[in-house]
């Protein structure tokens, strides 16, 4: 009598008492015609059958040779047995060859289609997971045949998923970011930078007679703190499209990191210093004031006087930052004969003005300019380089098969000498 056993769909099942209710374990149905044996087991069985019949033919042949050596003719019955043995051996050899060829082509069990459920329960990871007394955690088994929507709806893959797609061969348009390269680089492992900002230098050095009182000079500093600020953003996409369209992964990564650099450049120049903003170069710079009573009549003149103002503060400038529109306006200046004063349509040299490199960037406002010794004026500190993280931990992500991709960096900007940078209007726009 069978106890705690049932028959399900022609297969034998064991009904075992478990702490959380009964567990039903199904035998795998036989689809191969081999009594539930795998292709490798069937091949081994055929090989053994062939070897057995081969040995039988060999034994008959040896007896026939022994009788022939004695001059005894082979009986008709013996001949028939030999023919039958040879035929059986040849049949076994044909079956063996067929089986070996099938295995070599990747046949056998792989030729029998299996459902996703069968592939899941037969996976070794799942077997190990389910074999635990109290399974906890999660097991991931790849069983899906990937199909992705290719509609034009927002959030869909569109035409990105194609056979062996190579992705974008040309990079997406990006602004050239150069302000960081003007600054002194640095690194920190802290959340803030404490430094001394040079406030005033009074130089009273002078020739002194023997025994006379020496003059005193003044150098004043002001305590400053540059807090490390985080620049970050994120986007959400489907898990499937990240796996199905490799090109999309690089686009997302590229756009996320580029977005950080774009925001960084804006902060380095224009950060207000309030809230979570950096204190930028423009915010800290010395206001432009024409020195020596000189009068500027053009944008080029104003730039020259900005250079002079910084140089008179003993900080020889090393660069000029302006908007590309203003730089184009300067390059297009012509004399009375229509000849370009600055620009050269056929030239290939890097943009320079008054022997200093010009850094055009849209982060700078129109009709504005920043001139200075940037390497002496400020230093950027990297607390955390730009990183990209991927997570599915959010509950909404889990139930909707989404993934969140986040990019962030942490930086601080210390302004050592505001006198080394000069900021002002170019006077082109009324």
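In this note's numbering, the protein residues as written are 4 to 433. Idealized CB from N, CA, C, for every residue including glycine.
Sequence-distant residues of its chain with Cβ nearer than 6 Å to residue i (five each side left out)
i           : result
residue 256 : 391
residue 417 : 196, 198, 229 and 382
residue 225 : 200 and 202
residue 327 : 363
residue 53  : 95, 96 and 99
residue 110 : Interpretation of residue 110 is limited by its pLDDT of 47, a score under 50 that renders its predicted location unreliable; the figure taken from the coordinates is listed afterwards. Taken in chain order, the list of residues that qualify is empty.
residue 227 : 198 and 200
residue 59  : 88
residue 279 : 232
residue 189 : 382 and 384
Where the alpha helix (DSSP H) containing residue i begins and where it ends
i           : result
residue 399 : 398 to 403
Option nearest residue i by Cα separation, candidates the options
i           : options               : result
residue 191 : 53, 61, 263 and 230   : 230
residue 289 : 97, 423, 68 and 59    : 423
residue 403 : 97, 243, 193 and 62   : 243
residue 415 : 234, 332 and 265      : 234
residue 205 : 367, 223, 215 and 269 : 223
residue 96  : 127, 51, 131 and 262  : 51
residue 207 : 128, 265 and 221      : 221
residue 413 : 125, 263, 368 and 399 : 263
residue 357 : 304, 398, 126 and 278 : 304
residue 283 : 65, 397, 127 and 182  : 182
residue 45  : 239, 98 and 271       : 98
residue 240 : 397, 94 and 73        : 397
residue 427 : 367, 73 and 219       : 367
residue 393 : 245, 47, 359 and 219  : 245
residue 461 : 340, 341, 272 and 361 : For residue 461 there is no data in the structure shown, the boundaries of the chain being 4 and 433.
residue 384 : 267, 126, 69 and 125  : 267
residue 57  : 399, 72, 258 and 90   : 90
Residues near residue i by beta carbon distance below 7 Å, same chain, minus five either side
i           : result
residue 315 : 294
residue 420 : 201, 318, 379 and 380
residue 311 : 294
residue 344 : 336, 337 and 338
residue 425 : 288, 289, 291, 309, 312, 313, 374 and 375
residue 217 : 211
residue 219 : 207
residue 173 : Residue confidence is low: residue 173 scores 49 on pLDDT, short of 50, so the model does not pin down where it sits. Its coordinate-derived value is still stated next. For residue 173, where only same-chain residues beyond five positions count, there are no Cβ hits under 7 Å.
residue 136 : none
residue 346 : 334 and 335
Start-to-end residues for the beta strand (DSSP E) that takes in residue i
i           : result
residue 428 : 424 to 428
residue 327 : Counting along the chain, residue 327 falls outside any beta strand (DSSP E), though it belongs to the alpha helix (DSSP H) covering 327 to 334.
residue 185 : Per DSSP, residue 185 belongs to no beta strand (DSSP E); it is in the alpha helix (DSSP H), 182 to 185.
Neighbourhood of residue i by C-beta distance below 8 Å, restricted to the same chain and skipping five residues each side
i           : result
residue 378 : 185, 186, 187 and 321
residue 308 : 291, 293, 294, 297 and 299
residue 194 : 230, 231 and 386
residue 260 : 389, 391 and 410
Integer Cβ distance of residue i from residue j, believed to fall under 8 Å
i           : j           : result
residue 435 : residue 348 : For residue 435 there is no data in the structure shown, the boundaries of the chain being 4 and 433.
residue 324 : residue 372 : 7 Å
residue 386 : residue 237 : Actually they do not touch by this definition, with Cβ atoms about 19 Å apart.
residue 49  : residue 102 : 5 Å
residue 407 : residue 401 : Going by Cβ atoms, the distance from residue 407 to residue 401 rounds to 11 Å, so no, they are not a contact pair.
residue 302 : residue 333 : 6 Å
residue 429 : residue 370 : 5 Å
residue 275 : residue 286 : 6 Å
Any non-hydrogen atom of the ligand NAD within 6 Å of residue i CB
i           : result
residue 385 : What this structure holds is no ligand at all, so the ligand NAD is not there to describe.
Restricting to runs no shorter than 4 residues, where is the alpha helix (DSSP H) found entirely within the region 226 to 280? 242 to 247 and 249 to 273
In chain order, which continuous runs of the alpha helix (DSSP H) of length 4 or greater are located wholly inside the region 361 to 387? 377 to 380
Length-filtered (4 minimum) alpha helix (DSSP H) runs lying within the region 279 to 323: Given a length threshold of 4 residues, each whole run of the alpha helix (DSSP H) inside the region 279 to 323 is given here in chain order: 284 to 287 and 302 to 315.
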